[in-house]
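Here is the structure we will look at, set down as structure tokens.
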Amino acid sequence: MLFYQNILIAVDGSSEAEWAFNKAVEVAKRNDATLSIVNVIDTRSYASVEAYDRSISERAAHYSSKLLEGYKEAAINRGVSHVEVYTEYGSPKTIIPRKLAAKLNVDLIMCGSTGLNAVERFIIGSVSEAIVRHAECDVLVVRTETLPESFEPEVATEQFKQDHQ
Numbered sequence: 001m002l003f004y005q006n007i008l009i010a011v012d013g014s015s016e017a018e019w020a021f022n023k024a025v026e027v028a029k030r031n032d033a034t035l036s037i038v039n040v041i042d043t044r045s046y047a048s049v050e051a052y053d054r055s056i057s058e059r060a061a062h063y064s065s066k067l068l069e070g071y072k073e074a075a076i077n078r079g080v081s082h083v084e085v086y087t088e089y090g091s092p093k094t095i096i097p098r099k100l101a102a103k104l105n106v107d108l109i110m111c112g113s114t115g116l117n118a119v120e121r122f123i124i125g126s127v128s129e130a131i132v133r134h135a136e137c138d139v140l141v142v143r144t145e146t147l148p149e150s151f152e153p154e155v156a157t158e159q160f161k162q163d164h165q
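Residue numbering for the sequence shown follows the UniProt record's numbering, starting at 1 and increasing by one per position.
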């Protein structure tokens, strides 16, 4: 296949993910593809904290909902005809390349090379690495180490993060 029909972009609220999102929008437009935007709430990272603060999962779901709403609006405003959003719970390393890719019949997964969880990346490897290793479709990892200094997020701004924490 020379054209992509179903593109999945993984976002986590980081500037690096938004840079990858911007590129995914352009790829989706060129291919007249459906753009599925996903945010995976990694329940492992806050399971122990939730024993003391029950509202953390509600806040994470609210943050994800607002984040995806902003990305969907941005994609539509930039000319993507078909946009879907998904919030999932669990490990992004397995949910993205295995569960969601199959469920959505994805033929391209896009993601940033880095994101919010630097400690986990150092200890057990990055989400993008796991996606490349386990996906059965094409994967495009957007190099974010060279993120232009002039890049300013439009959706996951610092104000957005403060308002939805």
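Each residue gets a CB set at the ideal place from its N, CA and C atoms; glycine is no exception.
It should be emphasised that the depicted structure is a prediction, and the values quoted were computed from it without experimental measurement.
Close Cβ partners of residue i (< 7 Å) along its chain, the five nearest in sequence each way excluded
i	result
N39	V11, D12, S64, L67, L68 and T87
S150	none
residue 171	For the chain, the structure presents residues 1 to 165; residue 171 sits outside this window and is missing.
H134	P97 and R98
T43	Y89 and G90
Residue i vs residue j beta-carbon contact at 8 Å
i	j	result
A101	L8	yes
I41	A17	no
V25	A75	yes
V141	V132	yes
A20	G79	no
P153	A130	no
residue 254	M110	Coverage of the chain is limited to positions 1 through 165, which leaves residue 254 absent and any answer about it impossible.
Close beta carbons around residue i, own chain, < 8 Å, minus the five adjacent residues each side
i	result
N6	A33, T34, S36, L104, N105, V106, D107 and L108
I124	Unreliable placement is indicated for I124, whose pLDDT of 41 sits below 50; the coordinate value is still reported in the next sentence. Once the five neighbours on either side are set aside, I124 has no close Cβ partner at all.
Residues near residue i by beta carbon distance below 6 Å, same chain, minus five either side
i	result
F3	N31
R121	Bear in mind that a pLDDT of 46 at R121, under 50, signals an unreliable position, so the number given afterwards is only what the model happens to contain. Around R121: no qualifying Cβ.
E158	none
T144	E16, W19, G112, S113 and T114
message = Which runs of the beta strand (DSSP E) at least 3 residues long sit entirely within the UniProt domain "UspA" (4-143)? Give them in chain order.
response = Whole beta strand (DSSP E) segments, 3+ residues: 6-10, 34-41, 82-89, 108-112 and 138-142.
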